[in-house]
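Chemist: Can you read through this structure? Questions will come right after.
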Amino acid sequence: MAFDSFRDFVQTLDKAGELKRISQPVATELEITELADREMKSPHGGKALLIEKPTVNGVVSPFPVAINTMGSAKRMAMSMGAESVEDVAKELGSLMKAKPPTSIRETMKLLSTAIDLRHAKPTLVKDGPCKEVIQKFDAPSPATNWPAAPDWKKGTSATPPTLLNLPILKCWPLDGGRFITLPCVVTKDPDTGERNVGMYRIQIYDDRTTGMHWQLQKVGARHGRRYYESGTRMPVSIFIGGDPMFPFAATAPLPDGLDEFLLAGYLRKKSVELVKCETNDLEVPANSDFVIEGYVDPKEPLRDEGPFGDHTGYYTLPEPYPVFHITAITHRKDAVYPATIVGIPPMEDFYIGAASVKLFLPIFKMNFPEIIDIALPAEGVFHNLVFVSIKKTYPMQAYKIMHGLWGMGQMMFTKYIVVVDHDVDVHNTSEVLFHLCANTDPQRDSIFTKGPADVLDHATSEIAIGSKLGIDATKKILGEGFKRPWPPLIKMDEAVKAKMQSLFNL
Ligand SMILES: Cc1cc2nc3c(=O)[nH]c(=O)nc-3n(C[C@H](O)[C@H](O)[C@H](O)COP(=O)(O)O)c2cc1C
964 MAFDSFRDFV QTLDKAGELK RISQPVATEL EITELADREM KSPHGGKALL IEKPTVNGVV
1024 SPFPVAINTM GSAKRMAMSM GAESVEDVAK ELGSLMKAKP PTSIRETMKL LSTAIDLRHA
1084 KPTLVKDGPC KEVIQKFDAP SPATNWPAAP DWKKGTSATP PTLLNLPILK CWPLDGGRFI
1144 TLPCVVTKDP DTGERNVGMY RIQIYDDRTT GMHWQLQKVG ARHGRRYYES GTRMPVSIFI
1204 GGDPMFPFAA TAPLPDGLDE FLLAGYLRKK SVELVKCETN DLEVPANSDF VIEGYVDPKE
1264 PLRDEGPFGD HTGYYTLPEP YPVFHITAIT HRKDAVYPAT IVGIPPMEDF YIGAASVKLF
1324 LPIFKMNFPE IIDIALPAEG VFHNLVFVSI KKTYPMQAYK IMHGLWGMGQ MMFTKYIVVV
1384 DHDVDVHNTS EVLFHLCANT DPQRDSIFTK GPADVLDHAT SEIAIGSKLG IDATKKILGE
1444 GFKRPWPPLI KMDEAVKAKM QSLFNL
């Protein structure tokens, strides 16, 4: 199901009883975080919140803030217009099964062909609601730093927004400022023209400049490096809102070169309509709520970005990143500002990440048919910890899976992989830990290796490089150095269970 706007999605959540409306004024500085964090820590992710009167420096913004909108399994499925993410994953898997791939490269080609089958290709249109209000900035800003909020007075909602008066959150007390937390950042590869949409948080420096936090290993950063090599200005556009499948696709670990709008179009069952930006030649969804256009100038020195209360549960300390200059802001008249917060898990991003894993599980399985299931427990904040169950048929197969996963896209960031047998429920952390403790001789069953690390990981001795630990918690078989008989797991007789159940009404 395609949503016409983020407001449309919020209204759907409301009708389904998945939304709490907060009608009293709440500050975008810390207060929205406190409310949202409580929801995100509630059982099954609580409710989405619509903050109807967010305040910026004490002034009520004309744009409501929607937060935690994808923060539960149900709302994540609703954002896809589906009963469950598993249903969507099954369909995607069966689309690709027609011709099993023989390599990862072929899998990815097949994925884009499969998605294409659904006529999901984006189309270019002349105009769209995201251009209902257009504000261009020709000259460099005379304004300096936050908290200046130029000529935006209470009640004058017709005043076009600037970066300083949009309801952008300051999430945590030690954050270096306000951050756009659900931005979809559009860039193009200058060599091939291939587009990328990635979610990279945006720190507001002043009314015309922001940070551009694309991490070292991300596609936006790779595009950026090409512009830095040639010294030419890099066009960048950021859009916020529209269909919830846009931010989802921007976070999905798609291979470099696969257009996120293709995935979004497939998931929403309607191709994405794009419009040309006003001040650069990039395209953004016509039904976005906000669009912020601009450029990165490779001749300009990098600037410290952060600190930021991150999804690791700790603050990420300042690191140098490119500066993004704004040339235009366009928006819908009835725009809703979507946001999220990250921090100590579980948070909304757990459900977003889990949906990605479910969706791409069929692809993992195609490359590794022995994989039964994969889980990224919330405690591992996305990719730190991965549980995998496999149907083991030959010695050392668990190690093949570890190496295979560490070599697959953003799985490279995984610090710990625990492989268990097919009958272990990887979504039950307690069950996995039981098998981990029971089935391993630590020295024999673990392997250390090295590789790239998440740049946000504060525990690695150096940024972006680190070590990895794989643990084989499967039952050991002949050829794995285990010479004793493997004991059976304790299980009650089925007949006795049934008898006691019926006798005592259990
Ligand atoms: C809420 C949220 C915020 C994120 N912020 C960042 C960020 O600031 N920088 C970054 O490089 N990745 C960030 N990510 C992860 C990327 O969006 C993710 O790795 C994505 O696949 C990158 O796309 P790319 O492979 O096209 O670069 C964030 C993810 C989520 C869910």
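Under this note's numbering, the first residue of the sequence shown is numbered 964, with each subsequent residue one higher. Every residue gets a Cβ at the ideal spot worked out from N, C-alpha and C, and that includes glycine.
How would you write the range of the alpha helix (DSSP H) that glutamate 981 sits in, first residue to last?
Modeler: Where glutamate 981 is concerned, there is no enclosing alpha helix (DSSP H), given that its DSSP letter is neither H nor E.
Chemist: Which of the three DSSP states, helix, strand or coil, is assigned to cysteine 1147?
Modeler: In the structure shown, cysteine 1147 sits in a strand (DSSP, three-state: E or B).
Chemist: Between serine 1120 and the rest of its own chain, which residues show a CB-CB distance below 6 angstroms, the 5 nearest in sequence each way excluded?
Modeler: Bear in mind that a pLDDT of 42 at serine 1120, under 50, signals an unreliable position, so the model cannot answer this.
Chemist: Is serine 1200 helix, strand or coil when you go by DSSP?
Modeler: Strand.
Chemist: Are there any heavy atoms of ligand 1 lying less than 7 angstroms away from the beta-carbon of asparagine 1159, as far as the coordinates show?
Modeler: Yes, Cβ of asparagine 1159 sits closer than 7 angstroms to a heavy atom of ligand 1.
Chemist: Is any heavy atom in ligand 1 found nearer than 7 angstroms to the beta carbon of arginine 1164?
Modeler: Yes, Cβ of arginine 1164 sits closer than 7 angstroms to a heavy atom of ligand 1.
Chemist: Could you give the first and the last residue of the continuous alpha helix (DSSP H) run that contains serine 1470?
Modeler: Because residue 1470 is not part of the residues shown, which for the chain are 964 to 1469, the question remains open.
Chemist: What are the boundary residues of the alpha helix (DSSP H) that includes serine 1465?
Modeler: That run of the alpha helix (DSSP H) goes 1457-1466.
Chemist: Report the option in Asp1152, Val1149, Pro1130 and Leu1012 whose CA atom is closest to the CA atom of phenylalanine 1142.
Modeler: Phenylalanine 1142 has its Cα closest to that of Pro1130, out of Asp1152, Val1149, Pro1130 and Leu1012.
Chemist: Below 8 angstroms, how does it come out for the stretch 1179-1194 and the stretch 1039-1053: are there three or more Cβ pairs, yes or no?
Modeler: No, the stretch 1179-1194 does not touch the stretch 1039-1053.
Chemist: Could you tell me which uninterrupted beta strand (DSSP E) segments, each at least 3 residues in length, are contained entirely in the stretch 1243-1324, listed from first to last along the chain?
Modeler: Within the stretch 1243-1324, the complete beta strand (DSSP E) runs of at least 3 residues are 1246-1248, 1253-1259, 1266-1268, 1282-1284, 1286-1294 and 1300-1302.
Chemist: For proline 1146, tell me which candidate among Gly1139, Thr1155 and Gln1166 has the shortest Cα-Cα distance.
Modeler: It is Gln1166.
Chemist: Would you report the Cα separation of phenylalanine 1202 and glutamate 1054, rounded to the nearest angstrom?
Modeler: Distance between the alpha carbons of phenylalanine 1202 and glutamate 1054 is about 29 angstroms.
Chemist: In chain order, what are the residue ranges of uninterrupted beta strand (DSSP E) at least 3 long that sit wholly in the stretch 1180-1241?
Modeler: Taking only runs of at least 3 residues, the beta strand (DSSP E) segments lying wholly in the stretch 1180-1241 are 1197-1203 and 1236-1239.
Chemist: Is the beta carbon of aspartate 1312 within less than 7 angstroms of some heavy atom of ligand 1?
Modeler: Correct: aspartate 1312 has its Cβ closer than 7 angstroms to ligand 1.
Chemist: Taking leucine 1280 and proline 1136 to be in contact with their CB atoms under 8 angstroms, please state how far apart those CB atoms are, rounded to whole angstroms.
Modeler: Contact doesn't hold; Cβ gap of about 15 angstroms is too wide.
Chemist: If you reduce the DSSP assignment to three classes, tell me which class glycine 1118 lands in.
Modeler: Note on glycine 1118: pLDDT 34, under 50, position unreliable in the model; the coordinate value appears next. Correct three-state label for glycine 1118: coil.
Chemist: Going by other Cβ atoms of all chains shown within 10 Å of its Cβ, with 16 needed for buried, is asparagine 1391 buried or exposed?
Modeler: That one is exposed.
Chemist: Determine the extent of the beta strand (DSSP E) in which phenylalanine 1331 is found, giving its start and end residues.
Modeler: No beta strand (DSSP E) contains phenylalanine 1331, which DSSP labels as neither H nor E.
Chemist: If you follow the beta strand (DSSP E) that phenylalanine 1411 is part of, which residue opens it and which one closes it?
Modeler: Residues 1409-1415.
Chemist: Ligand 1 and histidine 1346: does the residue's C-beta get closer than 7 angstroms to at least one heavy atom of that ligand?
Modeler: For ligand 1, not one heavy atom lies less than 7 angstroms from the Cβ of histidine 1346.
Chemist: Inspect the CB distances between the stretch 999-1014 and the stretch 1306-1313 and report whether three or more fall short of 8 angstroms.
Modeler: Yes: at least three Cβ pairs fall under 8 angstroms.
Chemist: For proline 1017, write down the residues that DSSP places opposite it in a beta bridge.
Modeler: DSSP, once it has assigned bridges, lists Val989 as partnering proline 1017.
Chemist: Given a threshold of 16 other Cβ atoms within 10 Å of its Cβ, counted over all protein chains shown, does leucine 1441 qualify as buried or as exposed?
Modeler: Leucine 1441 is exposed by the Cβ-count criterion.
Chemist: For cysteine 1093, which option in Tyr1300, Ala1401, Ser1057 and Met1175 has the closest C-alpha, if you only look at C-alpha atoms?
Modeler: Here the closest residue by C-alpha is Tyr1300.
Chemist: Do you know how far the Cα of phenylalanine 1327 is from the Cα of glycine 1370?
Modeler: One C-alpha to the other measures close to 12 angstroms.
Chemist: Following the continuous beta strand (DSSP E) through aspartate 1384, name the residue where it begins and the one where it ends.
Modeler: That run of the beta strand (DSSP E) goes 1379-1384.
Chemist: Return yes when the C-beta of leucine 1217 is under 7 angstroms from any heavy atom of ligand 1, and no when it is not.
Modeler: Leucine 1217 Cβ: within cutoff of ligand 1.
Chemist: Return helix, strand or coil for arginine 1158, following the three-state DSSP convention.
Modeler: In the structure shown, arginine 1158 sits in a strand (DSSP, three-state: E or B).
Chemist: In terms of DSSP beta bridges, what is glutamate 1425 paired with?
Modeler: Ile1428, per the DSSP bridge assignment.
Chemist: With burial defined as no fewer than 16 other Cβ atoms inside 10 Å of the residue's Cβ, what is the status of asparagine 1243: buried or exposed?
Modeler: Under this definition asparagine 1243 is a buried residue.
Chemist: Nearest CA to the CA of histidine 1294: which residue from Gly1156, Phe1331, Glu1256 and Lys1321?
Modeler: Of the listed residues, the one whose Cα sits closest to histidine 1294 is Glu1256.
Chemist: Can you tell which of Lys983, Arg1196 and Leu1087 has its C-alpha closest to the C-alpha of proline 1285?
Modeler: Checking every option, the nearest Cα to that of proline 1285 belongs to Arg1196.
Chemist: Taking aspartate 1152 as the reference, give the member of Pro1450, Val1182, Ser1319 and Trp1177 with the closest Cα.
Modeler: Closest by alpha carbon: Val1182.
Chemist: What do you get for phenylalanine 966, buried or exposed, if any count of 16 or more other CB atoms within 10 angstroms of its CB means buried?
Modeler: With 16 or more other Cβ atoms within 10 Å, it is buried.
Chemist: Is any heavy atom of ligand 1 found at a distance shorter than 7 angstroms from the C-beta of glutamine 987?
Modeler: Every heavy atom of ligand 1 is 7 angstroms or more from the Cβ of glutamine 987, so no.
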